[in-house]
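So the sequence shown is numbered by UniProt numbering: it starts at 1 and just counts up by one.
C-beta: ideal position from N, C-alpha, C; glycine also.
Here is the structure we will look at.
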Amino acid sequence: MPHTVLLAEDDRAIRNALERALTLEGYRVTAVADGVEALAQAHRSRPDVLVLDVMMPGIDGLQVCRVLRAEGDRTPVLMLTALVETADRIAGLDAGADDYVVKPFDVEEVFARLRALLRRAAPPEPAPAPAPEPEPDTSGRFLEAAGLRMDPQARRAWRGARELELTRTEFELLELLIRHAGVVLEHSTIYDRIWGYDFGPGSKNLAVYVGYLRRKLDEPGAPQLIHTVRGVGYVLREG
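In structure tokens, the structure reads:
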């Protein structure tokens, strides 16, 4: 859904130009000419953000902002002002405005400040739930060996309570080793099962992936799990 903007500006040329620019930018805009209309419209349908000119006849932008804040309305407010003195800007912020743009302004600056206000006003995204611990294996779904636990269907693996972040090849290599825990798997067997092709005795491909996997599995003070059998292959065992 596009964000809704309530624009209050008594200068018709500025109001029409800004309304057109905001609409082209994807906002749904309601444009009014004074503070009385702005308050009435804000009460009818609460916008996502207000853009208020400070100097308007009757009720000006500062008064509109004060009324809304007194009512407990926390809708973000961007002030448009021709006043450049620091005291004037402070007055706007004290009235409850969230930001301001000084006239004459670049419309891209207005867009940028609106985006920032809307980001701050957005409700925080819920924190991701911690990854659940693996459930007890009552269906043969999990593989376990040497302190490792693996769910091939969900493609998740753990060493103890720590979940391992594995690439597809690392996962398939670890699954093969767990399924044959305690058995020395020859280089040619692993190449055939994982890559479908034996790269030959000169290839370093397998050694590289075993190195990646070891770095993710190994823990300080804990035994190494993947052991090299020189000239033959690799075996998964604890200790």
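- Cβ neighbours of A146 within its own chain (closer than 7 Å, five residues either side excluded): A181, L225, L236, R237, E238.
- In its chain, beyond the 5 residues on either side, L62, C65, R66 have a beta carbon closer than 6 Å to the beta carbon of A95.
- Ranked by Cα distance from T228, the options A207, G196, A222, E219 are led by A207.
- Taken through DSSP and simplified to helix, strand or coil, D53 comes out as strand.
- P223 is classed as exposed because its beta carbon has fewer than 16 other beta carbons within 10 Å across all chains shown.
- Residues of the same chain with a CB within less than 7 Å of the CB of F142, apart from the 5 flanking positions on each side, are P134, R149, M150, D151 in chain order.
- Comparing alpha-carbon positions, the option among V54, L78, L6 lying closest to R44 turns out to be L6.
- In the three-state scheme derived from DSSP, where H, G and I count as helix and E and B as strand, H227 is classed as strand.
- Between the alpha carbons of T81 and V101 lies a distance of about 6 Å.
- Straight-line measurement puts the Cα of V77 at about 11 Å from the Cα of A8.
- Cβ contact annotation for G92 (same chain, cutoff 7 Å, sequence separation greater than five): V54, L62, M79, T81, Y100, in chain order.
- Taking 8 Å as the cut-off, the Cβ atoms of I14 and V36 do not count as close.
- A direct Cα-Cα distance of roughly 12 Å separates L213 from Y234.
- Per DSSP, the continuous alpha helix (DSSP H) segment holding A21 begins and ends at 12-24.
- Of the residues assessed, E170 falls on the buried side of the cut-off, its CB having 16 or more other CB atoms within 10 angstroms.
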